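So the structure is just underneath, and the comments pick up after that.
Numbering (our numbering), first residue to last: 24 to 286.
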């Protein structure tokens with residue numbers, strides 16, 4: 024075997040191996056079953072053709088037998104009329120028809136024998152086809168069950184890989200959720216402390232301190248005015264308890280100012 028021949032043989036072997044692996048056995052079984060049914064149909068058709076041919080010969084035989092009876096009657100009539108020549112001719116035709124009938128009977132017998140043989144083969148083929156059909160359906164069921172089991176196993180294996188990804192996704196989602204919850208808590212805390220109001224205000228720290236200073240100066244000026252008015256009116260000095268009340272109110276105002284500045 025030459026190099027090219029060996030290479031061609033190797034290629035064909037590999038191709039056939041691939042085809043065998045890719046072959047669906049259920050399709051092969053169905054195809055084989057259909058082929059057997061086609062063969063059975065051909066056998067039935069052959070039997071039908073033989074039966075038709077046999078019926079034609081039987082019809083032809085009956086016609087010849089009718090001719091034989093006719094020639095017998097012709098011969099008898101010719102004898103009654105003393106026409107031996109006509110009687111002889113009628114008998115000759117009768118013999119000829121009898122010979123044809125004998126040949127046809129032989130053909131009919133041959134066709135009947137062939138028909139009986141085909142019917143027997145047809146019955147045997149039909150029995151084998153039914154047996155094959157039962158085995159085919161059983162084999163298909165086994166193959167489909169095995170195929171389904173394989174798909175389930177492959178799916179379960181795939182689920183194992185997916186579950187790893189799902190677990191990681193859950194961890195990332197949990198981390199993200201914790202981060203968002205912490206951020207939300209921080210935002211609530213800042214809002215409660217008033218940091219958002221300061222951040223949204225146009226005033227800076229210097230403006231706020233200047234405003235506080237102006238407020239304090241205005242309060243001091245009003246206090247001096249109040250003292251002057253009270254001194255100019257010639258009113259008698261207040262008693263000790265009144266002085267204490269005023270001093271307490273002033274301390275309270277100073278405390279409120281301190282609170283505002285610290286805020």
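Ideal placement from N, C-alpha and C gives every residue a C-beta, glycine not left out. Computed from a prediction, not measured in an experiment: that's the story for all the values here.
Practice prompt. Closer than 7 Å by C-beta to residue 250: which residues in its own chain qualify, once you throw out the five before and the five after it? Chain order, please.
Written response: Locating residue 250 in the chain shown gives position 227, counting from the first residue. Counting only Cβ-Cβ distances below 7 Å, and skipping sequence neighbours, we find nothing.
Worksheet item: For residue 127, does the count of other Cβ atoms within 10 angstroms reach 16, so buried, or fall short, so exposed?
Response: Taking the first residue of the chain shown as position 1, residue 127 is located at position 104. Its Cβ being crowded by 16 or more others within 10 Å, residue 127 is buried.
Item to complete: Decide if residue 104 is buried, meaning its Cβ has at least 16 other Cβ atoms within 10 Å, or exposed.
Response: For the purposes of this step, residue 104 is taken as the residue at position 81 of the chain shown. That one is exposed.
Item to complete: Check the C-beta distance from residue 71 over to residue 94 and give it rounded, since I have them as a contact under 8 Å.
Response: The residue labelled residue 71 in the question sits at position 48 within the chain shown. The residue labelled residue 94 in the question sits at position 71 within the chain shown. Your pair residue 71 and residue 94 does not check out as a contact, with CB atoms roughly 35 Å apart and the cut at 8 Å.
Item to complete: In angstroms with no decimal places, state the Cα-to-Cα distance between residue 259 and residue 236.
Response: For the purposes of this step, residue 259 is identified with residue 236 of the chain shown, where counting begins at 1. For the purposes of this step, residue 236 is identified with residue 213 of the chain shown, where counting begins at 1. Low confidence applies here, because residue 259 scores a pLDDT of 49, under 50, leaving its location unreliable; read the following figure in that light. Cα to Cα, the separation comes out at about 34 Å.
Worksheet item: Hey, how far is the Cα of residue 273 from the Cα of residue 210?
Response: Counted from its first residue, the chain shown places residue 273 at position 250. Counted from its first residue, the chain shown places residue 210 at position 187. In this structure, the straight-line span from the alpha carbon of residue 273 to that of residue 210 is close to 38 Å.
Worksheet item: If you draw a straight line from the alpha carbon of residue 143 to that of residue 55, how long is it in whole angstroms?
Response: One-based indexing of the chain shown puts residue 143 at position 120. One-based indexing of the chain shown puts residue 55 at position 32. Approximately 22 Å, taken between the alpha carbons.
Item to complete: If I'm right that residue 148 touches residue 66 with Cβ under 8 Å, what's the distance once you round it to whole angstroms?
Response: Reading the chain shown from its first residue, position 125 is the one you call residue 148. Reading the chain shown from its first residue, position 43 is the one you call residue 66. The beta-carbon separation of residue 148 and residue 66, rounded to 6 Å, stays under the 8 Å limit for a contact.
Worksheet item: Would you report the Cα separation of residue 86 and residue 100, rounded to the nearest angstrom?
Response: Along the chain shown, one-based indexing puts residue 86 at 63. Along the chain shown, one-based indexing puts residue 100 at 77. The C-alpha of residue 86 lies about 21 Å from the C-alpha of residue 100.
Fill in: Alpha-carbon spacing of residue 141 relative to residue 152, whole angstroms
Within the chain shown, residue 141 is the residue found at index 118, counting from 1. Within the chain shown, residue 152 is the residue found at index 129, counting from 1. Rounded to the nearest angstrom, the two C-alpha atoms are 16 Å apart.
Worksheet entry | Simplified DSSP state of residue 47, which is helix, strand or coil | Reading the chain shown from its first residue, position 24 is the one you call residue 47. In the structure shown, residue 47 sits in coil (DSSP, three-state: anything other than H, G, I, E or B).
Discussion item. Taking 7 Å as the cut-off, is the C-beta of residue 239 nearer than that to any heavy atom in the ligand NAD?
Written reply: As far as ligands go, the structure on display features none, and thus does not contain the ligand NAD.
Discussion item. Going by DSSP in three states, residue 104 sits in which element: helix, strand or coil?
Written reply: By one-based count along the chain shown, residue 104 stands at place 81. Residue state, collapsed to three classes: coil.
Discussion item. Less than 8 Å between the beta carbons of residue 124 and residue 88, yes or no?
Written reply: Stepping through the chain shown from its first residue, residue 124 is reached at position 101. Stepping through the chain shown from its first residue, residue 88 is reached at position 65. The answer is yes: Cβ separation under 8 Å.
Worksheet item: residue 73: buried (16+ other C-beta within 10 angstroms of its C-beta) or exposed?
Response: On the chain shown, residue 73 is found 50 positions in, with the first residue counted as 1. When all chains shown are included, residue 73 counts as buried.
Practice prompt. Measure from the alpha carbon of residue 242 to the alpha carbon of each residue in 159, 207, 279, 213, then state which is nearest.
Written response: In the chain shown, the residue the question calls residue 242 occupies position 219. Taking only the C-alpha atoms, the option nearest residue 242 is 279.
Practice prompt. Compute the distance between the beta-carbons of residue 121 and residue 52, then report whether it is under 8 Å.
Written response: Stepping through the chain shown from its first residue, residue 121 is reached at position 98. Stepping through the chain shown from its first residue, residue 52 is reached at position 29. Taking 8 Å as the cut-off, the Cβ atoms of residue 121 and residue 52 do not count as close.
Discussion item. Quick check: what's the CA-CA separation for residue 271 versus residue 277?
Written reply: Locating residue 271 in the chain shown gives position 248, counting from the first residue. Locating residue 277 in the chain shown gives position 254, counting from the first residue. Answer to the nearest angstrom: the Cα atoms are 10 Å apart.
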